[in-house]
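In the working numbering, the protein residues as written are 1402 to 1713.
Glycine included, each C-beta is placed from N, C-alpha and C at the ideal position.
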DNA sequence: CCCCAGGCTTTTC
DNA sequence: GAAAAGCATGGG
């Protein structure tokens, strides 16, 4: 029997956008009866449906997740504690009126507070590759290495897969795993190494979760791992460690910094030096403590409004 | 064959 | 030290 929860948000929230907003491709996103979204987090299956602009219902066989009441976990997971009106500086709409027009419709987007290990692996799959292929890789990883679960929902059987554990990926055969990484052997090897370091405690999320760690130190620590550079390190901080101040700069962010904010640095080739310069510029344009959160909204706005990309 | 896709690593100056 | 080239793979 499934428990039912109603989750309220003080801001508008778009389930569709939110589900696709972070790199949460482990979600087994399937449209169920064109209404429900099916997902699994930390072995807990969730069935989610928007019932209005600022509330949605969740069905699950369990009442809690990670020893936290489910409704509480979901508030945290969807960042419902963040007031999206306050993510941008007060005078931002005056400085950028044209951009503001495009931007406000993306406020329902939510940054998800995702599991750090999931985030590391997901973003390691996202180097110089299209969104379509990134999601394919994550799906294959969960299907091949994640524990299978079947749940009955509204009389139908639904098959889900947990995200693989660090131990499972650490023990994987590199060649076999490369089937899940777009046949990229180097990426597969890096994923195995990183998983082993997590399993051995050499990458310790308890420690990394400390919000007193300065961003540049966090970035340096994470990017010591092979296959993780500045951008992916910042993605891990933003999506996996709840550091909404972290501002990952990828090809799209670089483009909109040039086009929307006249950044001269953004017109130059990307390098560690120019990365840090753009990072500093973004902190002046945005609220430093929410630079990454705002950047993520700008990111999706750029992709959809300017680049005309259809999928998240 | 070209270029691009939510970059990273190694080589070269 | 920093800029440039190399890398790896699939898709348009």
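Residue i to residue j span [Cα, whole Å]
{"i": "residue 1605", "j": "residue 1517", "result": "10 Å"}
{"i": "residue 1607", "j": "residue 1673", "result": "28 Å"}
{"i": "residue 1701", "j": "residue 1616", "result": "23 Å"}
{"i": "residue 1405", "j": "residue 1458", "result": "7 Å"}
{"i": "residue 1442", "j": "residue 1570", "result": "18 Å"}
{"i": "residue 1657", "j": "residue 1708", "result": "10 Å"}
{"i": "residue 1643", "j": "residue 1572", "result": "28 Å"}
{"i": "residue 1513", "j": "residue 1478", "result": "5 Å"}
{"i": "residue 1620", "j": "residue 1470", "result": "32 Å"}
{"i": "residue 1375", "j": "residue 1473", "result": "Past the boundaries of the shown model lies residue 1375; the chain is included only from 1402 to 1713, so the question cannot be answered."}
{"i": "residue 1467", "j": "residue 1461", "result": "14 Å"}
{"i": "residue 1690", "j": "residue 1488", "result": "9 Å"}
{"i": "residue 1534", "j": "residue 1409", "result": "34 Å"}
{"i": "residue 1705", "j": "residue 1660", "result": "15 Å"}
{"i": "residue 1524", "j": "residue 1627", "result": "13 Å"}
{"i": "residue 1429", "j": "residue 1593", "result": "The predicted model places residue 1429 with a pLDDT of 48, which falls under 50 and marks its position as unreliable, so this point remains unresolved."}
{"i": "residue 1669", "j": "residue 1450", "result": "44 Å"}
{"i": "residue 1688", "j": "residue 1483", "result": "14 Å"}
{"i": "residue 1456", "j": "residue 1613", "result": "33 Å"}
{"i": "residue 1664", "j": "residue 1635", "result": "20 Å"}
{"i": "residue 1528", "j": "residue 1563", "result": "23 Å"}
{"i": "residue 1671", "j": "residue 1681", "result": "14 Å"}
{"i": "residue 1555", "j": "residue 1448", "result": "10 Å"}
{"i": "residue 1553", "j": "residue 1454", "result": "27 Å"}
Cβ shell of residue i (< 7 Å), same chain only, five flanking positions each side left out
{"i": "residue 1530", "result": "1583"}
{"i": "residue 1589", "result": "1575, 1578, 1579 and 1582"}
{"i": "residue 1565", "result": "1542, 1543, 1546 and 1547"}
{"i": "residue 1567", "result": "1518, 1596, 1599 and 1600"}
{"i": "residue 1710", "result": "1704"}
{"i": "residue 1549", "result": "1560 and 1562"}
Integer Cβ distance of residue i from residue j, believed to fall under 8 Å
{"i": "residue 1415", "j": "residue 1510", "result": "7 Å"}
{"i": "residue 1637", "j": "residue 1521", "result": "6 Å"}
{"i": "residue 1507", "j": "residue 1698", "result": "5 Å"}
{"i": "residue 1639", "j": "residue 1662", "result": "Not confirmed; about 19 Å, so no contact."}
Where residue i falls, given that 16 or more other Cβ within 10 Å makes a residue buried
{"i": "residue 1463", "result": "exposed"}
{"i": "residue 1480", "result": "buried"}
{"i": "residue 1446", "result": "buried"}
{"i": "residue 1591", "result": "buried"}
{"i": "residue 1576", "result": "exposed"}
{"i": "residue 1402", "result": "exposed"}
{"i": "residue 1491", "result": "exposed"}
{"i": "residue 1610", "result": "exposed"}
{"i": "residue 1716", "result": "This structure cannot settle anything about residue 1716, because the visible part of the chain is limited to 1402 through 1713."}
{"i": "residue 1586", "result": "exposed"}
{"i": "residue 1652", "result": "exposed"}
{"i": "residue 1452", "result": "exposed"}
{"i": "residue 1655", "result": "buried"}
{"i": "residue 1485", "result": "buried"}
{"i": "residue 1437", "result": "buried"}
{"i": "residue 1439", "result": "buried"}
{"i": "residue 1696", "result": "buried"}
{"i": "residue 1475", "result": "buried"}
Proximal residues to residue i (C-beta, below 6 Å), its chain only, five neighbours per side dropped
{"i": "residue 1629", "result": "1623"}
{"i": "residue 1683", "result": "1648 and 1692"}
{"i": "residue 1676", "result": "1631 and 1650"}
{"i": "residue 1560", "result": "1551"}
{"i": "residue 1494", "result": "1501"}
{"i": "residue 1498", "result": "none"}
{"i": "residue 1465", "result": "1471"}
{"i": "residue 1641", "result": "1515, 1517 and 1520"}
{"i": "residue 1496", "result": "none"}
{"i": "residue 1412", "result": "1485"}
Contact test: residue i Cβ vs the ligand SAH heavy atom, cutoff 7 Å
{"i": "residue 1623", "result": "What this structure holds is no ligand at all, so the ligand SAH is not there to describe."}
Nonlocal neighbours in the same chain, by C-beta distance under 8 Å from residue i, ignoring five residues either side
{"i": "residue 1678", "result": "1666"}
- request: Tell me the start and end of each unbroken alpha helix (DSSP H) in the stretch 1519-1576 that is at least 4 residues and wholly inside, in chain order.
  value: If we require 4 residues or more, the alpha helix (DSSP H) runs fully inside the stretch 1519-1576 come out as 1532-1546 and 1567-1571.
- request: List in chain order: all unbroken beta strand (DSSP E) runs of 3+ residues lying wholly within the stretch 1452-1498.
  value: Counting whole runs of 3 or more residues, the stretch 1452-1498 contains the beta strand (DSSP E) stretches 1456-1461.
Whole runs of the alpha helix (DSSP H) within the stretch 1615-1690, excluding any shorter than 4 residues: 1616-1623, 1631-1636, 1652-1662 and 1673-1686, all fully within the stretch 1615-1690.
- prompt: Can you list, in chain order, the stretches of the alpha helix (DSSP H) that have 4 or more residues and sit fully within the stretch 1579-1616?
  reply: As far as the stretch 1579-1616 is concerned, its whole alpha helix (DSSP H) runs of at least 4 residues are 1586-1600 and 1606-1609.
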